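Asks: According to our numbering, the first sequence is numbered sequentially starting from 26.
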Amino acid sequence: MRVVRLLRLRAALTLLGEVPRRPASRGVPDSRRTQKGSGARWEEEKHEDGVKWRQLEHKGPYFAPPYEPLPDGVRFFYDGKPVRLSVVAEEVATFYGRMLDHEYTTKEVFRKNFFNDWRKKLKEEAEKLQQEFGYCILDGHREKIGNFKIEPPGLFRGRGDHPKMGMLKRRIMPEDVVINCSRDSKIPEPPAGHQWKEVRSDNTVTWLAAWTESVQNSIKYIMLNPCSKLKGEKAWQKFETARRLRGFVDEIRSQYQADWKSREMKTRQRAVALYFIDKLALRAGNEKEDGEVADTVGCCSLRVEHVQLHPEADGCQHVVEFDFLGKDCIRYYNRVPVEKPVYKNLQLFMENKDPRDDLFDRLTTTSLNKHLQELMDGLTAKVFRTYNASITLQEQLRALTRAEDSTAAKILSYNRANRVVAVLCNHQRATPSTFEKSMQNLQTKIQAKKEQVAEARAELRRARAEHKVQGDGKSRSVLEKKRRLLEKLQEQLAQLSVQATDKEENKQVALGTSKLNYLDPRISIA
DNA sequence: TAACGAACTTAGGATTCGGCTG
DNA sequence: CAGCCGAATCCTAAGTTCGTTA
């Protein structure tokens with residue numbers, strides 16, 4: 026399966042072609058609101074600065090029908106909860122409902138067949154929606170949209186200790202939605218009896234529709250799927266920037282090391298922060314408005330209470346202990362030995378401060394990124410995460426694999442390398458709810474295998490004794506067979522315990538995020 | 001220059017899919 | 001051949017970055 030995926034990636038990559046140059050200026054070009062000639066060929070596209078498309082046509086977002094109470098006596102429940110059904114699914118459900126009194130419905134086969142077909146109907150409908158609303162035409166090509174459904178209303182549940190949890194996320198109506206498409210395209214039809222808030226034609230942005238969400242008052246967008254050319258090229262550029270960093274990183278490192286001794290406090294703080302971003306792959310850490318969102322931090326927003334200094338720990342000198350909640354309220358806990366000047370600087374930064382004070386009080390993400398921009402065109406804090414994730418993957422793969430390995434061995438090594446990256450980036454997950462059970466199953470298997478091994482060992486001993494007595498060819502071949510059996514079983518046992526270790530180590534590590542966002546596919550392919 | 005806002009990427013949990021196994 | 005389990009996909013929250021505005 027994974028091999029197939031890589032092949033697909035390869036195909037996608039060869040399609041990507043030349044990487045467009047980054048626009049020199051991000052100012053709004055003249056073409057912002059005007060329609061330039063359409064129908065240009067895909068490969069020959071050369072957009073002016075900041076222009077994302079020449080032609081964009083789509084059906085607008087899909088609005089799920091609003092809830093209407095069903096007439097008395099017509100209610101559908103699943104697992105004790107009322108469910109809302111589409112017209113078709115509802116009709117099929119009534120077919121079953123009409124037969125409730127009949128003894129058919131007590132028959133397992135009848136129930137199963139009905140349920141399977143009913144589910145098929147729901148699936149068909151999802152496919153129909155995907156076909157109708159799930160694609161747009163961008164510069165003459167049909168592209169998949171990432172999220173074409175308007176988010177349904179509900180109670181907001183932020184992550185972690187969110188001050189706004191439980192607030193109502195109100196229903197979005199067409200009157201809330203701004204549509205973005207080509208001026209000369211077929212303007213999407215709003216649902217019957219409604220109007221769009223606005224229809225505009227801005228080809229300097231990539232979104233197709235947008236609305237303001239009612240809990241945080243932020244804008245939500247409908248955008249293209251990651252497999253689209255637009256997103257693919259952007260991802261390609263991201264990895265190109267990370268690759269370029271490789272040529273600068275040595276010098277950047279010597280520079281920030283030198284800056285640890287700068288006379289200016291601001292520079293020292295920046296140098297220590299950058300060291301953490303580089304070495305530990307911490308996020309930039311923008312300031313957040315408190316009371317509006319959960320209290321989480323990144324590098325620049327670390328507070329004194331988030332670090333502890335140990336002159337000596339774990340047999341190392343100058344150990345820094347980090348303990349804070351990062352993005353999505355995922356805990357970051359790490360003890361790292363650092364260079365002496367870093368340690369001394371941290372002592373200095375923490376002097377005469379309260380636990381709630383900023384560790385880097387002279388530093389903001391803006392000033393840090395401004396500095397990085399001067400060191401390399403396009404360099405920002407997050408590039409270090411991409412760079413370090415990709416370089417780590419490459420090094421791990423180099424160390425773990427050799428060309429003659431079997432595909433299975435390569436996949437295992439790839440997963441190992443992937444895991445090292447996920448740990449670096451602190452990509453965690455909740456231990457799966459099924460973990461205990463499946464681990465138990467595995468342990469049972471291991472136990473059984475151990476018994477088999479013991480049994481085989483005893484049999485081998487017996488065969489050996491037998492051979493000593495008999496000394497003929499037949500007893501020798503029995504002995505050999507027992508020996509091979511024992512070896513095979515021992516190998517299987519080893520395999521199982523590796524599996525168990527793997528499972529245990531993986532239980533809290535999420536591999537998907539790094540695979541998706543940080544690992545340059547070209548490294549995987551190579 | 002700080003605050004704000006827009007646009008885009010990155011993230012974990014829930015849900016669905018699909019291949020494997022006993 | 002169902003039932004299990006990990007992977008893929010969906011969903012949308014939570015970040016980063018950069019331009020604009022006060």
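All residues carry an ideal CB built from backbone N, CA and C; glycine is no exception. Keep in mind the model is a prediction, meaning the values are calculated, not measured.
Got a sec? Which residues, its chain only, sit under 7 Å from R51 by beta carbon, not counting five neighbours each side?
Replies: Looking up residue 51 in the first sequence gives position 26. Residue placement at R51 is flagged as unreliable, the pLDDT there being 34, under the threshold of 50; a coordinate-derived value is accordingly withheld.
Asks: Less than 8 Å separating the beta-carbons of L418 and A406?
Replies: What you label residue 418 is simply residue 393 of the first sequence in a count that begins at 1. What you label residue 406 is simply residue 381 of the first sequence in a count that begins at 1. For L418 and A406, no; Cβs fall outside 8 Å.
Asks: Do you know offhand how far N141's Cα is from P213's?
Replies: Within the first sequence, numbered from 1, the residue matching residue 141 stands at position 116. Within the first sequence, numbered from 1, the residue matching residue 213 stands at position 188. Looking at the two C-alpha atoms, the distance is approximately 35 Å.
Asks: Which term fits T411, buried or exposed, when burial requires 16 or more other beta carbons within 10 angstroms of its beta carbon?
Replies: Counting from one through the first sequence, the residue named residue 411 turns up at place 386. Counting Cβ neighbours within 10 Å, T411 comes out buried, since at least 16 surround it.
Asks: Where does the unbroken beta strand (DSSP E) through A234 begin, and where does it stop?
Replies: For the purposes of this step, residue 234 is identified with residue 209 of the first sequence, where counting begins at 1. Element bounds for A234: 234-237.
Asks: Spatial neighbours of L400 within its chain, please: CB distance less than 7 Å, with the 5 preceding and 5 following residues excluded, ordered by chain position.
Replies: Residue mapping note: residue 400 aligns to position 375 of the first sequence, counting from 1. Within the same chain, L400 has close Cβ partners F273, I277.
Asks: Quick one: residues in its chain with C-beta nearer than 7 Å to the C-beta of D527, no 5 flanking neighbours on either side, listed in chain order?
Replies: Residue mapping note: residue 527 aligns to position 502 of the first sequence, counting from 1. Nothing listed; no residue qualifies.
Asks: Would you tell me roughly how many angstroms separate the C-alpha atoms of F460 and Q262, rounded to the nearest one?
Replies: Walking along the first sequence from the start, residue 460 turns up at place 435. Walking along the first sequence from the start, residue 262 turns up at place 237. Distance between the alpha carbons of F460 and Q262: 38 Å.
Asks: Do V113 and F181 have their beta-carbon atoms positioned less than 8 Å apart in this structure?
Replies: The residue labelled residue 181 in the question sits at position 156 within the first sequence. The residue labelled residue 113 in the question sits at position 88 within the first sequence. Contact: no.
Asks: Using the Cβ count rule (16 or more neighbours within 10 Å means buried), how would you classify A283?
Replies: Counting from 1 along the first sequence, the entry for residue 283 is found at position 258. Looking at its Cβ environment, which holds fewer than 16 other Cβ atoms inside 10 Å, A283 is exposed.
Asks: For I556, collect the residues of the same chain with a Cβ closer than 8 Å to its Cβ; drop the 5 residues on either side in sequence, then sort them by chain order.
Replies: There is no way to answer for residue 556, as the model of the chain reaches only from 26 to 551.
Asks: Helix, strand or coil for R356, going by three-state DSSP, please let me know.
Replies: Working through the first sequence from its first residue, we reach residue 356 at position 331. In the structure shown, R356 sits in a strand (DSSP, three-state: E or B).
Asks: Which of helix, strand or coil does DSSP assign to H331?
Replies: As a first step, residue 331 must be located in the first sequence, where it is residue number 306. In the structure shown, H331 sits in a helix (DSSP, three-state: H, G or I).
Asks: What number of angstroms, rounded off, separates the C-alpha of L233 from the C-alpha of R225?
Replies: What you label residue 233 is simply residue 208 of the first sequence in a count that begins at 1. What you label residue 225 is simply residue 200 of the first sequence in a count that begins at 1. So the two alpha carbons sit approximately 10 Å from each other.
Asks: Pull up the DSSP beta-bridge partners for G179, would you.
Replies: Here residue 179 corresponds to residue number 154 of the first sequence, with the count starting at 1. According to DSSP, which records beta bridges pairwise, G179 is partnered with K194.
Asks: Below 8 Å between beta carbons: does that hold for G165 and Q80?
Replies: Residue mapping note: residue 165 aligns to position 140 of the first sequence, counting from 1. Residue mapping note: residue 80 aligns to position 55 of the first sequence, counting from 1. Yes, these two residues count as a Cβ contact at 8 Å.
Asks: From L290 to V297, what distance separates their C-alpha atoms?
Replies: By one-based count along the first sequence, residue 290 stands at place 265. By one-based count along the first sequence, residue 297 stands at place 272. Per the sequence shown, residue 290 should be read as Met rather than Leu. One C-alpha to the other measures close to 11 Å.
Asks: By Cβ distance, which residues of its chain are closer than 7 Å to A535, with the 5 residues on each side in sequence left out?
Replies: Within the first sequence, residue 535 is the residue found at index 510, counting from 1. Excluding sequence neighbours, A535 sits near A447, H452, Q453, R454.
Asks: Just checking my contact of F158 with Y87 at CB under 8 Å: how many whole Å lie between their CB atoms?
Replies: Taking the first sequence and counting its residues from 1, one reaches residue 158 at position 133. Taking the first sequence and counting its residues from 1, one reaches residue 87 at position 62. At roughly 4 Å, the Cβ-Cβ gap stays under 8 Å, so F158 and Y87 are in contact.
Asks: Ignoring anything shorter than 4 residues or poking outside the region 359-428, list the alpha helix (DSSP H) runs there in chain order.
Replies: The region 359-428 contains these whole alpha helix (DSSP H) runs: 365-375, 390-400, 406-425.
Asks: Where E258 and K146 are concerned, what is the direct C-alpha to C-alpha distance, given to the nearest angstrom?
Replies: Indexing the first sequence from 1 puts residue 258 at position 233. Indexing the first sequence from 1 puts residue 146 at position 121. Answer to the nearest angstrom: the Cα atoms are 37 Å apart.
Asks: Looking at C-alpha atoms only, which residue of E115, R293, S502, R208 is the closest neighbour of D386?
Replies: Numbered from 1 along the first sequence, position 361 holds the residue referred to as residue 386. Of E115, R293, S502, R208, the residue nearest in Cα terms is R293.
Asks: Taking the beta strand (DSSP E) that V344 falls in, what are its first and last residues?
Replies: Position 319 of the first sequence holds residue 344. Per DSSP, V344 belongs to the beta strand (DSSP E) from 341-350.
Asks: Just the Cα atoms here: how many angstroms apart are I16 and V445?
Replies: Since the displayed the chain opens at 26 and closes at 551, residue 16 lies outside it and no answer follows.
Asks: Between the beta-carbon of S207 and the beta-carbon of E73, is there less than 8 Å?
Replies: Position 182 of the first sequence, counted from the first residue, corresponds to residue 207. Position 48 of the first sequence, counted from the first residue, corresponds to residue 73. Cβ atoms of S207 and E73: not closer than 8 Å.
Asks: Where does Q220 fall in DSSP's three states?
Replies: For this step, residue 220 is matched to residue 195 along the first sequence. Coil, per DSSP.
Asks: Examine the Cβ distances between the region 362-373 and the region 305-325 and report whether three or more of them are shorter than 8 Å.
Replies: Touching, no, given that fewer than three Cβ pairs across the two stretches are closer than 8 Å.
Asks: Tell me, please, which residues DSSP counts as bridged to H187.
Replies: Counting from one through the first sequence, the residue named residue 187 turns up at place 162. Its beta-bridge partners do not exist; DSSP assigns none.
Asks: State yes or no: is the C-beta of L255 within less than 8 Å of the C-beta of K77?
Replies: Here residue 255 refers to the residue found at position 230 of the first sequence. Here residue 77 refers to the residue found at position 52 of the first sequence. Their beta carbons are under 8 Å apart, which means L255 touches K77 by this criterion.
Asks: Could you tell me the distance, in whole angstroms, from the CA atom of N172 to the CA atom of T456?
Replies: Walking along the first sequence from the start, residue 172 turns up at place 147. Walking along the first sequence from the start, residue 456 turns up at place 431. Rounded to whole angstroms, N172 to T456 spans 28 Å at the Cα level.
Asks: Using 8 Å as the threshold, is the C-beta distance between V329 and M375 below it?
Replies: Stepping through the first sequence from its first residue, residue 329 is reached at position 304. Stepping through the first sequence from its first residue, residue 375 is reached at position 350. Yes; because the gap between Cβ atoms is below 8 Å, this pair is in contact.
Asks: Return helix, strand or coil for I212, following the three-state DSSP convention.
Replies: Within the first sequence, numbered from 1, the residue matching residue 212 stands at position 187. If DSSP states are grouped into helix, strand and coil, I212 belongs with coil.
Asks: Between the beta-carbon of V361 and the beta-carbon of L305, is there less than 8 Å?
Replies: The sequence position of residue 361 within the first sequence is 336, counting from 1. The sequence position of residue 305 within the first sequence is 280, counting from 1. Contact: yes.
Asks: If you compare alpha carbons, which of R288, N413, Y358, K352 is closest to L373?
Replies: Your numbering for residue 373 matches position 348 in the first sequence. Taking only the C-alpha atoms, the option nearest L373 is R288.
Asks: So V203 is in the beta strand (DSSP E); what residue range does that whole segment cover?
Replies: For the purposes of this step, residue 203 is taken as residue 178 along the first sequence, with counting starting at 1. Start and end: 203-205.
Asks: In angstroms with no decimal places, state the Cα-to-Cα distance between E200 and E115.
Replies: Residue 200 sits at position 175 when you count from the first residue of the first sequence. Residue 115 sits at position 90 when you count from the first residue of the first sequence. Rounded to the nearest angstrom, the two C-alpha atoms are 29 Å apart.
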